[in-house]
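Shown next, in structure tokens, is the structure this report addresses.
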Amino acid sequence: MKKPKLKVELRDNTGKEINKKFRREGIVPGVLYSPHDKENLVLKVKTDELSKLLSAKSHGLIDLEVNDGKKKVSRLAVIKDLQYNSLKRQIVHVDFYGVTLKEKLTLEVD
Numbered sequence: 012m013k014k015p016k017l018k019v020e021l022r023d024n025t026g027k028e029i030n031k032k033f034r035r036e037g038i039v040p041g042v043l044y045s046p047h048d049k050e051n052l053v054l055k056v057k058t059d060e061l062s063k064l065l066s067a068k069s070h071g072l073i074d075l076e077v078n079d080g081k082k083k084v085s086r087l088a089v090i091k092d093l094q095y096n097s098l099k100r101q102i103v104h105v106d107f108y109g110v111t112l113k114e115k116l117t118l119e120v121d
């Protein structure tokens, strides 16, 4: 089964104001948590690409193409959490959880 791909970029800046700026530009801030990495990765993803992925019929593993400006790295992940602005009906933040194909994973589905 083919895993959907999602292009994400590392971001340098964090904080309330920069995240507001990203959202105005059509970018959703996010984080990739993983027990396999030493540090969490702070990311940004285009809103339309994330929305397209969410509206697709396939759910589950996602192939994240992480671009840090110098090189691209592929990571397997699942969406752990989505935060919405209920008034504007837009995604304001996404949390990804990094996985490997060797581990057993138990998820709660809402």
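12 is the number of the first residue of the sequence shown in my numbering; add one for each residue after it.
Just so you know, even glycine gets a beta-carbon here, dropped at the ideal spot from N, CA and C.
Quick caveat: nothing in here was measured; it's all calculated off a predicted structure.
Q) By a C-beta neighbour count over all protein chains shown, 10 Å radius and 16 as the cutoff for buried, is residue 35 buried or exposed? A) As a working mapping, residue 35 is identified with position 24 in the sequence shown. Its Cβ having fewer than 16 others within 10 Å, residue 35 is exposed.
Q.
If the criterion is Cβ atoms closer than 7 Å, does the pair residue 39 and residue 102 meet it?
A. Translated into the one-based positions of the sequence shown, residue 39 becomes position 28. Translated into the one-based positions of the sequence shown, residue 102 becomes position 91. Going by C-beta atoms, residue 39 is nearer than 7 Å to residue 102.
Q. According to the neighbour-count rule (16 or more other Cβ atoms, all chains shown, within 10 Å of its Cβ), is residue 88 buried or exposed?
A. Reading the sequence shown from its first residue, position 77 is the one you call residue 88. Residue 88 is buried by the Cβ-count criterion.
Q: Going by DSSP, name the residue or residues bridged to residue 74.
A: The residue labelled residue 74 in the question sits at position 63 within the sequence shown. Per DSSP, 16 and 87.
Q: Out of 17, 105, 23 and 86, state which residue places its alpha-carbon closest to the alpha-carbon of residue 80.
A: Against the sequence shown, residue 80 aligns to sequence position 69. Among 17, 105, 23 and 86, the Cα nearest to that of residue 80 belongs to 23.
Q. If we count the other Cβ atoms within 10 Å of its Cβ and call it buried at 16 or more, is residue 41 buried or exposed?
A. By 1-based counting over the sequence shown, the position of residue 41 is 30. Buried, because 16 or more other Cβ atoms sit within 10 Å of the Cβ of residue 41.
Q | DSSP state of residue 31 mapped onto helix, strand, coil | A | The residue you call residue 31 lines up with position 20 of the sequence shown. Three-state result, residue 31: helix.
Q: Sort out for me which residues DSSP pairs residue 26 with in a bridge.
A: Reading the sequence shown from its first residue, position 15 is the one you call residue 26. None; residue 26 has no bridge partner.
Q. With DSSP run on the structure shown, which of helix, strand or coil describes residue 61?
A. Stepping through the sequence shown from its first residue, residue 61 is reached at position 50. Note: residue 61 maps to helix in three-state DSSP.
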